[in-house]
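**Q**
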Amino acid sequence: MLRKAFLMLCAAGALSANSARAQYTIAADKVKAKISPNMYGIFFEDINLAADGGVYAELVKNRSFEFNMPLMGWDEQKKDGGDGRVEVINRAEEKPENAHFIKVYIDSAGGSFGLSNEGFRGMGIKEGEEYSFSVMAKQEGEQNIKLNIELRDDKNAIIGKAELTPTDKEWNRYSVKFKASATVQKAQLYVWMSGKGIIDLDMVSMFPEHTWKNRPGGLRADLVQKLADMKPGFLRFPGGCIVEGRELNTRYQWKKTIGAVDQRTNIINRWNTEFSHRPTPDYYQTFGLGFMEYFMTAEDIGASPLPILNCGMACEFNTGELVPMDKLDPYIQDALDLIEFANGDVNTKWGKLRTDLGHPAPFHLKMLGVGNEQWGPQYIERWKAFTKAIKGKYPDVKIVSAVGPFPGGKEFDLLNKTFRALGADILDEHYYASPKWFLEHAKRYDNYDRKGPKIFAGEYAAQSVQTGSPKNKNTWECALAEAAFMTGLERNADVVRMASYAPLFAHVEGWQWTPDLIWFDNLNSYGSPNYYVQQLFSLNKGTDVVPLLFNNEAVAGQDGCFATASVDKNTNELVIKFVNSTASAKSTSFKINGSKGYQKQASVVTLRSDDKDAVNSLETPTAISPKNSTINVSGNILKLDVEPYTFKIVRLKNK
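To convert, count from 1 in the sequence shown and add 34; that's my numbering.
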């Protein structure tokens with residue numbers, strides 16, 4: 035009798051467990067929407083030392099003495115009785131794009147006088163790496179001044195050195211290579227001068243030999259590799275608010291960022307003084323990372339280029355300066371010339387320049403942004419002028435149009451209504467909000483007009499404290515909420531064509547805004563949990579959305595769960611993305627219709643943590659990172675157990 039009761043109890047328990055398994059259905063043969071190959075991409079802006087001091091591998095800060103304080107980053111040095119002085123010479127009338135150089139007087143025949151450079155929060159130096167030092171120099175007088183180059187560690191020990199003797203009485207470039215003997219997080223560069231006399235110096239520069247694709251004067255390889263590892267569909271550049279400038283004279287002007295680096299006009303970075311809680315007085319833009327480099331990087335990593343241009347308006351959060359409508363033509367011409375630079379052949383003015391810069395093949399520009407986070411009737415007026423000119427000459431180029439800085443409100447409503455009525459191509463929506471907002475808005479695009487403009491989710495990031503707070507962290511709770519929201523983006527791929535997290539990069543000692551996707555110091559880098567969410571969506575987007583339903587409804591928050599499904603016609607797979615945003619495990623069962631069946635094992639990628647406040651760091655860079663496993667499949671039924679606070683991706687291969 036007891037045995038019978040025990041068996042009945044077990045059977046009841048099994049039945050209860052089975053009935054508790056949530057039942058989902060997938061119609062694998064009913065394509066709901068095509069997923070854009072460009073769906074998930076990258077938003078780049080020079081904030082948080084992302085360019086100078088970051089992905090641009092130059093190690094010398096203020097190399098051309100163009101900061102407002104021309105010797106910022108430099109200190110005079112003396113040894114062995116050497117003496118001298120430095121004068122900053124302004125030659126703005128002769129060379130306005132590089133107005134300053136220094137004239138160094140060596141006053142003693144013995145010893146050495148020199149300058150040290152602190153780099154960007156120090157210089158990250160690697161043992162065994164070869165470094166290329168270069169300088170523009172001009173000798174004066176009869177005696178040639180000898181330069182002794184030294185790298186010193188944080189204890190002042192020499193870890194690399196070389197010599198140069200400029201001889202020309204006119205400006206010339208001199209360079210030398212040497213290897214470092216130690217790995218140092220915060221080294222400094224010393225340029226010693228000996229021999230009594232006078233020498234002029236400019237463009238004092240040092241790069242590691244091993245940059246991205248080993249290009250001289252190139253980009254930091256580990257940071258670009260993290261972008262390549264995302265397999266992004268597009269690269270948006272150069273921002274962001276950086277496009278607008280605090281005022282118009284510090285706006286981004288693409289024509290001043292191409293060609294020889296000493297001819298690229300430096301300007302102050304608008305994030306230099308933006309936040310009182312993170313002042314960064316030494317933050318400038320040298321444009322060593324300019325439009326040519328952006329286009330080439332996009333090409334390198336297989337991403338479509340998406341440049342954003344100033345529309346004749348400075349940032350409306352700052353000065354809001356406007357170019358009068360009758361003075362707007364140069365701004366519009368910049369847009370037309372950029373398209374020709376990207377796509378024109380050698381017989382065009384700007385296509386020839388691209389060819390002369392070493393890239394005869396076109397960059398296949400298909401999209402262009404007009405303005406960033408602008409709002410109000412003054413933007414609409416300028417947008418109309420840009421659109422008329424661009425579409426008149428390049429009707430196939432899609433224009434990305436701002437709908438303000440917020441996901442709702444009067445600014446958004448005016449632009450959204452106006453641009454829809456005007457037949458805009460792509461609307462650029464931005465949202466920085468709490469994790470709760472992202473969870474609650476997973477259905478945001480379910481009822482958007484299917485025949486209206488396409489949506490670019492151009493900037494988004496969940497904020498752990500509040501928008502703009504310096505206390506925000508890249509927590510797992512934020513990343514998981516973004517994953518939940520992104521299931522809604524993908525489910526509505528017929529409306530949402532592109533999406534990108536922002537900002538992209540942040541130096542651990544030089545940031546102005548947080549959270550950020552990828553963090554780095556002078557030597558190392560790591561992806562945040564948010565990075566892995568973005569990467570997993572990009573690597574597993576599929577080609578076509580198919581219905582995934584719970585009680586005949588899209589899975590967008592029922593019992594804290596979010597999901598989407600797609601087929602990948604390139605690999606003949608079904609891809610399921612599932613988010614459990616709750617503290618309770620979920621037992622699920624997927625009944626898949628419209629397929630002849632799947633192979634007996636499916637691959638599973640799991641991203642999770644039991645701690646919603648967990649973060650990655652330089653010390654634990656992969657604390658929250660994807661884990662691979664497999665799961666058995668029974669015909670057209672998949673049973674999946676999902677742990678608390680978990681994002682899973684399952685790929686099932688057709689038989």
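Note that CB positions come from ideal geometry on N, CA and C, so glycine has one too.
When you compare only the Cα positions, how much space is there between N102 and I179?
**A** On the sequence shown, residue 102 is found 68 positions in, with the first residue counted as 1. On the sequence shown, residue 179 is found 145 positions in, with the first residue counted as 1. Roughly 28 Å between the two C-alpha positions.
**Q** For G274, report the span of its alpha helix (DSSP H) as first-last.
**A** Taking the sequence shown and counting its residues from 1, one reaches residue 274 at position 240. No alpha helix (DSSP H) contains G274, which DSSP labels as neither H nor E.
**Q** Taking only runs that begin and end inside the region 546–607, name each unbroken beta strand (DSSP E) of 3 or more residues, in chain order.
**A** As far as the region 546–607 is concerned, its whole beta strand (DSSP E) runs of at least 3 residues are 552–554, 559–561, 578–580, 582–584 and 595–602.
**Q** Pick out whichever of E607, S228 and L641 has its Cα sitting closest to the Cα of S562.
**A** For the purposes of this step, residue 562 is taken as residue 528 along the sequence shown, with counting starting at 1. Ranking E607, S228 and L641 by Cα distance to S562 puts L641 first.
**Q** Pick helix, strand or coil for T299, following the three-state DSSP scheme.
**A** Translated into the one-based positions of the sequence shown, residue 299 becomes position 265. In the structure shown, T299 sits in coil (DSSP, three-state: anything other than H, G, I, E or B).
**Q** Excluding sequence positions up to five away, which residues of its chain have a Cβ less than 6 Å from the Cβ of E131?
**A** The count along the sequence shown starts at 1 and reaches residue 131 at position 97. Excluding residues within five positions, the ones whose Cβ falls inside 6 Å are Q297 and T299.
**Q** Is DSSP giving V676 helix, strand or coil here?
**A** Counting from 1 along the sequence shown, the entry for residue 676 is found at position 642. Strand.
**Q** List, from N- to C-terminal side, the beta strand (DSSP E) runs of 3 residues or more that fit wholly inside the region 299–329.
**A** Entirely contained in the region 299–329, not one beta strand (DSSP E) run reaches 3 residues.
**Q** Helix or strand or just coil, what does DSSP make of R531?
**A** Position 497 of the sequence shown, counted from the start, is the residue given in the question as residue 531. If DSSP states are grouped into helix, strand and coil, R531 belongs with the strands.
**Q** For the region 89–125, which segments carrying the beta strand (DSSP E) assignment without a break, of at least 3 residues, lie completely within its bounds, in sequence order?
**A** If we require 3 residues or more, the beta strand (DSSP E) runs fully inside the region 89–125 come out as 108–113 and 118–124.
**Q** Starting from I60, trace the alpha helix (DSSP H) both ways and give me its first and last residue.
**A** In the sequence shown, residue 60 corresponds to position 26, counting from 1. Unbroken run through I60 is the beta strand (DSSP E), A56 to A61; no alpha helix (DSSP H).
**Q** Tell me whether A597 is buried or exposed, calling it buried when 16 or more other Cβ atoms sit within 10 Å of its Cβ.
**A** Here the question's residue 597 lines up with position 563 in the sequence shown. That one is buried.
**Q** I think A337 touches G403, with their Cβ atoms under 8 Å apart; what is that distance to the nearest whole Å?
**A** As a working note, residue 337 is residue 303 in the sequence shown. As a working note, residue 403 is residue 369 in the sequence shown. So it is not a contact: roughly 15 Å between Cβ atoms.
**Q** Using a Cβ-Cβ cut-off of 7 Å (strictly less than) and excluding sequence neighbours within five positions of Q177, which residues of its own chain qualify?
**A** In the sequence shown, counting from the first residue as 1, residue 177 sits at position 143. The answer, listed in chain order, is G229, K230 and G231.
**Q** Please report the distance separating the alpha-carbon of V530 from that of P429.
**A** Position 496 of the sequence shown, counted from the first residue, corresponds to residue 530. Position 395 of the sequence shown, counted from the first residue, corresponds to residue 429. Cα-Cα distance, rounded: 22 Å.
**Q** Go ahead and pull the three-state DSSP assignment for P339.
**A** Stepping through the sequence shown from its first residue, residue 339 is reached at position 305. P339 falls in the strand class under three-state DSSP.
**Q** Please name the residue in P655, I626, F681 and L257 whose C-alpha comes closest to that of K673.
**A** Here the question's residue 673 lines up with position 639 in the sequence shown. When only C-alpha atoms are compared, the closest one is I626.
**Q** What does the Cβ neighbour count give for V380, buried or exposed, with the cut at 16 atoms within 10 Å?
**A** Residue mapping note: residue 380 aligns to position 346 of the sequence shown, counting from 1. Under this definition V380 is an exposed residue.
**Q** State yes or no: is the C-beta of P242 within less than 8 Å of the C-beta of E163?
**A** Here residue 242 refers to the residue found at position 208 of the sequence shown. Here residue 163 refers to the residue found at position 129 of the sequence shown. Yes; because the gap between Cβ atoms is below 8 Å, this pair is in contact.
**Q** Assess contact between the region 302–310 and the region 136–146, defined as three or more Cβ pairs (one per stretch) separated by less than 8 Å. Is contact present?
**A** With the cut-off at 8 Å, the region 302–310 and the region 136–146 do not touch.
**Q** Go to V258, then tell me how far its alpha helix (DSSP H) extends in each direction, as first and last residue.
**A** As a position in the sequence shown, residue 258 is number 224, starting the count at 1. Where V258 is concerned, the enclosing alpha helix (DSSP H) stretches over A255 to A262.
**Q** Per DSSP, what kind of secondary structure is W409 in: helix, strand or coil?
**A** Within the sequence shown, numbered from 1, the residue matching residue 409 stands at position 375. It is coil, neither helix nor strand.
**Q** Where do the N-terminal and C-terminal ends of the alpha helix (DSSP H) with V520 fall, by residue?
**A** Reading the sequence shown from its first residue, position 486 is the one you call residue 520. Here residue 520 is Met; the residue named in the question, Val, does not match the sequence. From DSSP, the alpha helix (DSSP H) with M520 extends over W510 to R525.
**Q** Where does N662 sit, in a helix, a strand or coil, going by DSSP?
**A** For the purposes of this step, residue 662 is taken as the residue at position 628 of the sequence shown. In the structure shown, N662 sits in a strand (DSSP, three-state: E or B).
**Q** If you scan the region 437–480 from start to end, which runs of the alpha helix (DSSP H) of 4 or more residues do you find wholly inside it?
**A** Segments of the alpha helix (DSSP H) lying fully in the region 437–480: 444–455 and 469–474.
**Q** Let's see if you can read the secondary structure: which residues bound the beta strand (DSSP E) around N506?
**A** Start at 1 with the first residue of the sequence shown, and residue 506 comes out as number 472. Where N506 is concerned, there is no enclosing beta strand (DSSP E), given that its DSSP letter is neither H nor E.
**Q** Taking the alpha-carbon of A62 as reference, which of K634, N650, K603 and K620 has the nearest alpha-carbon?
**A** As a working note, residue 62 is residue 28 in the sequence shown. When only C-alpha atoms are compared, the closest one is K603.
**Q** With the cut-off set at 8 Å, would you say V667 and T521 are in Cβ contact?
**A** Position 633 of the sequence shown, counting from 1, holds the residue named residue 667. Position 487 of the sequence shown, counting from 1, holds the residue named residue 521. Cβ distance not < 8 Å, so V667 and T521 don't count as in contact.
**Q** Going straight from the alpha carbon of S215 to that of P200, what length do you get?
**A** As a first step, residue 215 must be located in the sequence shown, where it is residue number 181. As a first step, residue 200 must be located in the sequence shown, where it is residue number 166. Approximately 26 Å between the Cα atoms of the pair.
**Q** Here's the rule I'm using: 16 or more other beta-carbon atoms within 10 Å means buried, otherwise exposed. How should S651 be labelled?
**A** Position 617 of the sequence shown, counting from 1, holds the residue named residue 651. S651 comes out exposed.
**Q** Return the bridge partner residues of S239 from the DSSP annotation.
**A** For the purposes of this step, residue 239 is taken as residue 205 along the sequence shown, with counting starting at 1. Answer is S168.
**Q** Does the region 463–473 come into contact with the region 482–495, if we say contact requires no fewer than three beta-carbon pairs (one atom in each stretch) closer than 8 Å?
**A** Yes, the region 463–473 is in contact with the region 482–495.
**Q** What whole-angstrom Cβ distance do Y224 and G156 have, given they're in contact under 8 Å?
**A** For this step, residue 224 is matched to residue 190 along the sequence shown. For this step, residue 156 is matched to residue 122 along the sequence shown. With 8 Å as the limit, Y224 and G156 do not qualify as a contact, their Cβ atoms being about 14 Å apart.
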